[in-house]
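Here is the structure we will look at.
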Amino acid sequence: MKKQYLSAGMILLASSLIFTACGTKETANKPSPTAAATKEAVAKETAGQATQTLLDTIKANGKIRVGTEGTYAPFTYHDKDGKLTGFDVEIAQEIAKKLGVQAEFIETKWDGMFAGLDSKRFDIVVNEVTIKDDRKVKYDFSDPYIVSKAVLIVHKDNKDIKKLTDLKGKKAGQSLTSNLTEIAKSNGAEIVQTDGFNQAIDLLLSKRIDATINDGLSYLDLKKQKPDVAIQVVDETKEASQSAVLLNKGNKELVDAVNKALTDSKKDGTYLKISEKYFGQDVSK
7 MKKQYLSAGM ILLASSLIFT ACGTKETANK PSPTAAATKE AVAKETAGQA TQTLLDTIKA
67 NGKIRVGTEG TYAPFTYHDK DGKLTGFDVE IAQEIAKKLG VQAEFIETKW DGMFAGLDSK
127 RFDIVVNEVT IKDDRKVKYD FSDPYIVSKA VLIVHKDNKD IKKLTDLKGK KAGQSLTSNL
187 TEIAKSNGAE IVQTDGFNQA IDLLLSKRID ATINDGLSYL DLKKQKPDVA IQVVDETKEA
247 SQSAVLLNKG NKELVDAVNK ALTDSKKDGT YLKISEKYFG QDVSK
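Here my numbering is used: the first residue of the sequence shown is 7, the next is one more, and so on.
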């Protein structure tokens, strides 16, 4: 009897230990209410961040960061009082206004413009960026907001260069990442790197280069400002180029919003007012 009693007791004790161990393990694996709540909050926050678009961020911050040169008249430059102004500047300001935010301009040399967008220093680029197939592989464009032709500019004393094909073996001042550089190269020119239109014209006037291929509207503006400047246009491209707002890929909501802003500015007459202010005509077509 004693032996059987002890055996039953031992069985009872073992069972108790097993249930205790199971209960301890279950409790250890079950997160506390506080930990579970924290995990759920983090998950919700992460989900919220994942769904927040660049457009949402821009509206939340109340500003859109715009990359531009500030040295490319009449598109983006500083007036006599040092204020940033120009056709592209006013277009960017109008886009910002229609988005309900302020435009914050970040001035960057042309050759650093794409790198600046890549690193997200700015949200968009508004700087006469020509729509090109190779650029469309990496970036998105808005609808075009200006159309222009490239012109071949030489010194007033020039006798040798009369058409684009005469550039063979000649020095052409160009921004390296500009589509205009490709036109110069395709016609056999030796490329001299410049920071933009103004520097190219300075080099041309000092005869350190033979020519530059640049925007026809920029040339007209310069001649309007300085009628006696010693340069002339001798040729132009057959095809007109279209320029648009440049954006990083993956921001469809912002692209759509920018396009709507451009469309609305044309409908309400704002675009034409800005266009006539700088060019005396509608340059959207």
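Heads up, the beta-carbon is just placed ideally off N, CA and C, and yes, glycines get one too.
Inset, instruction - Along the beta strand (DSSP E) that carries residue 152, what are the first and last residues, could you check? - result: Looking at the DSSP string, the run of the beta strand (DSSP E) that includes residue 152 is 152-154.
Legend entry - Close beta carbons around residue 200, own chain, < 7 Å, minus the five adjacent residues each side: Cβ within range, chain order: 179, 180, 181, 206, 209.
Legend entry - C-alpha distance - residue 282 paired with residue 288, whole-angstrom precision: Their backbone Cα atoms lie some 6 Å apart in a straight line.
Inset, instruction - Taking all protein chains shown into account, decide if residue 230 is buried (16 or more other Cβ within 10 angstroms of its Cβ) or exposed. - result: By the neighbour-count rule (16 or more Cβ atoms within 10 Å), residue 230 is not buried but exposed.
Legend entry - Residue closest to residue 177, alpha-carbon to alpha-carbon, out of 163, 167, 195, 185: The shortest C-alpha separation from residue 177 is found at 195.
Inset, instruction - Could you check the C-alpha separation between residue 278 and residue 136 for me, to the nearest Å? - result: The straight-line gap from Cα to Cα measures roughly 20 Å.
Inset, instruction - Provide the residue span of the alpha helix (DSSP H) that contains residue 280, from first to last. - result: 276-285 is the extent of the alpha helix (DSSP H) around residue 280.
Inset, instruction - Could you tell me which residues DSSP puts in a beta bridge with residue 220? - result: In DSSP, residue 220 forms a bridge with 157.
Legend entry - Ordered list of alpha helix (DSSP H) runs contained in the stretch 181-235, each at least 4 residues: The qualifying runs are 185-192, 203-211, 222-231.
Inset, instruction - Find out if the Cβ-Cβ distance for the pair residue 62, residue 78 is shorter than 9 Å. - result: No, they are not a contact pair.
Inset, instruction - Find out if the Cβ-Cβ distance for the pair residue 148, residue 264 is shorter than 9 Å. - result: Judged by their CB atoms, residue 148 and residue 264 are nearer to each other than the 9 Å cut-off.
Legend entry - According to DSSP, residues forming a beta bridge with residue 4: With the chain represented from 7 up to 291, any question about residue 4 goes unanswered, as that position is not in the structure.
Legend entry - Own chain, CB closer than 6 Å to residue 204, minus 5 neighbours either side, in chain order: 77, listed in sequence order.
Inset, instruction - Could you tell me whether the stretch 149-165 touches the stretch 217-236, where touching means 3 or more Cβ pairs closer than 8 Å? - result: Contact holds: three or more Cβ-Cβ distances are below 8 Å.
Legend entry - Whole-Å CB distance - residue 151 paired with residue 250, under 8 Å assumed: Confirmed, about 6 Å.
Inset, instruction - Could you have a look at residue 70 and say whether DSSP puts it in helix, strand or coil? - result: In the three-state reduction of the DSSP assignment, residue 70 falls in the strand class, which pools E and B.
Inset, instruction - Ignore the nearest five residues each way along the sequence and tell me which others in residue 155's own chain have a CB closer than 6 Å to its CB. - result: 222, 242, 243, 246, listed in sequence order.
Inset, instruction - Check the DSSP bridge columns for residue 242 and list the partner residues they point to. - result: DSSP lists 157 as the beta-bridge partner residues of residue 242.
Legend entry - Under 9 Å between C-beta atoms of residue 132 and residue 97: Yes, the pair counts as a contact, with Cβ atoms nearer than the cut-off.
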